[in-house]
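Scroll down for the structure; my scribbles are underneath it.
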Amino acid sequence: MTLVQRDRAATPPSTAAWNDAPVVLLTDDGESAGMAAKSAVHHDDTPLHLAFSCYVVDDDGRVLITTRAADKPSFPSVVTNSFCGHPLPGEPLVAAVRRRAETELGVRVERPRLVLPHFRYRATSSSGLVEHELCPVYAARAESTDLHLDPSEVSTGEWVPWAQFSADVLDGRREVSPWCAEQVAQLVTLGADPLSWPEASDADLPPAARSLTEVT
Numbered sequence: 036m037t038l039v040q041r042d043r044a045a046t047p048p049s050t051a052a053w054n055d056a057p058v059v060l061l062t063d064d065g066e067s068a069g070m071a072a073k074s075a076v077h078h079d080d081t082p083l084h085l086a087f088s089c090y091v092v093d094d095d096g097r098v099l100i101t102t103r104a105a106d107k108p109s110f111p112s113v114v115t116n117s118f119c120g121h122p123l124p125g126e127p128l129v130a131a132v133r134r135r136a137e138t139e140l141g142v143r144v145e146r147p148r149l150v151l152p153h154f155r156y157r158a159t160s161s162s163g164l165v166e167h168e169l170c171p172v173y174a175a176r177a178e179s180t181d182l183h184l185d186p187s188e189v190s191t192g193e194w195v196p197w198a199q200f201s202a203d204v205l206d207g208r209r210e211v212s213p214w215c216a217e218q219v220a221q222l223v224t225l226g227a228d229p230l231s232w233p234e235a236s237d238a239d240l241p242p243a244a245r246s247l248t249e250v251t
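Our numbering puts the first residue of the sequence shown at 36, with every later residue one more than the last.
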């Protein structure tokens, strides 16, 4: 089992640690409110912005669980879902999911399926840095289980049977990121097999994300 290490930073990290791509800011209703650099957005009162989470699944129904890199500005060394990210302004969400899977994990995925279109959370790292995201959740089948992890993003990855992982999270035997814990509680209601989770409609996405869809 991969053990969780909690945040160790006593002060907010330097902005030099961020990949400073722009993120899409949102109103409380999920409408676009412009954009800003990632380093400018993330602080102790982070505004709501658009993100996504993904659970990568292999042919046996195992889910890829990762540990965030120790020098990540937000929630370092914490066990979490396969990966998260932010779409670039104008980038379709499905394209963003595929991009992050390849750059962060070295994994190509089949067409990602939207499974939790309304997911939203706010979480504070022990450094005081806040994550505040409208974060639709996707599931995607991996074309291969071989990993080529970006060490600046991910320190470890392991393939874990979904039933084991979800039970451990819900029973408190495995500590994970705040957003992952909330997502698991919702995902278990979709069924026991992540390869069979029902696909939600893009029409259920936040307004700012509905235009960031593509036919694949």
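No residue lacks a Cβ here, since even glycine has one placed at the ideal position from N, Cα and C.
* Asked: Taking Cβ positions, are residue 147 and residue 175 nearer each other than 8 Å?
  -> In the sequence shown, counting from the first residue as 1, residue 147 sits at position 112. In the sequence shown, counting from the first residue as 1, residue 175 sits at position 140. Yes. Within cutoff.
* Asked: Less than 8 Å separating the beta-carbons of residue 155 and residue 140?
  -> Numbered from 1 along the sequence shown, position 120 holds the residue referred to as residue 155. Numbered from 1 along the sequence shown, position 105 holds the residue referred to as residue 140. Cβ atoms of residue 155 and residue 140: not closer than 8 Å.
* Asked: When the Cα of residue 123 is compared with those of 220, 69, 230 and 197, which residue comes out closest?
  -> Within the sequence shown, the letter at position 88 stands for residue 123. Out of 220, 69, 230 and 197, 69 has the C-alpha closest to the C-alpha of residue 123.
* Asked: What does residue 167 pair with, by DSSP beta-bridge criteria?
  -> As a working note, residue 167 is residue 132 in the sequence shown. Per DSSP, 157.
* Using the beta-carbon count (16 or more within 10 Å), is residue 167 buried or exposed? -> Position 132 of the sequence shown, counted from the first residue, corresponds to residue 167. Under this definition residue 167 is a buried residue.
* Asked: Buried or exposed: where does residue 86 fall if 16 or more other Cβ atoms within 10 Å of its Cβ makes it buried?
  -> Here residue 86 corresponds to residue number 51 of the sequence shown, with the count starting at 1. When all chains shown are included, residue 86 counts as buried.
* For residue 85, which residues does DSSP report across the bridge? -> On the sequence shown, position 50 is the one that residue 85 refers to. Answer is 169.
* Asked: What is the rounded straight-line gap between the Cα of residue 180 and the Cα of residue 93?
  -> By one-based count along the sequence shown, residue 180 stands at place 145. By one-based count along the sequence shown, residue 93 stands at place 58. Looking at the two C-alpha atoms, the distance is approximately 7 Å.
* Asked: If you draw a straight line from the C-alpha of residue 138 to the C-alpha of residue 206, how long is it?
  -> Reading the sequence shown from its first residue, position 103 is the one you call residue 138. Reading the sequence shown from its first residue, position 171 is the one you call residue 206. Residue 138 and residue 206: Cα-Cα distance of roughly 32 Å.
* To do: Round the Cβ separation of residue 120 and residue 135 to the nearest angstrom and send it over; I've been treating them as touching at under 8 Å.
  => Start at 1 with the first residue of the sequence shown, and residue 120 comes out as number 85. Start at 1 with the first residue of the sequence shown, and residue 135 comes out as number 100. Correct: roughly 4 Å between the Cβ atoms.
* To do: Determine the DSSP secondary structure at residue 184, reduced to helix, strand or coil.
  => Locating residue 184 in the sequence shown gives position 149, where the first residue counts as 1. Reduced to three states, the DSSP call for residue 184 is coil.
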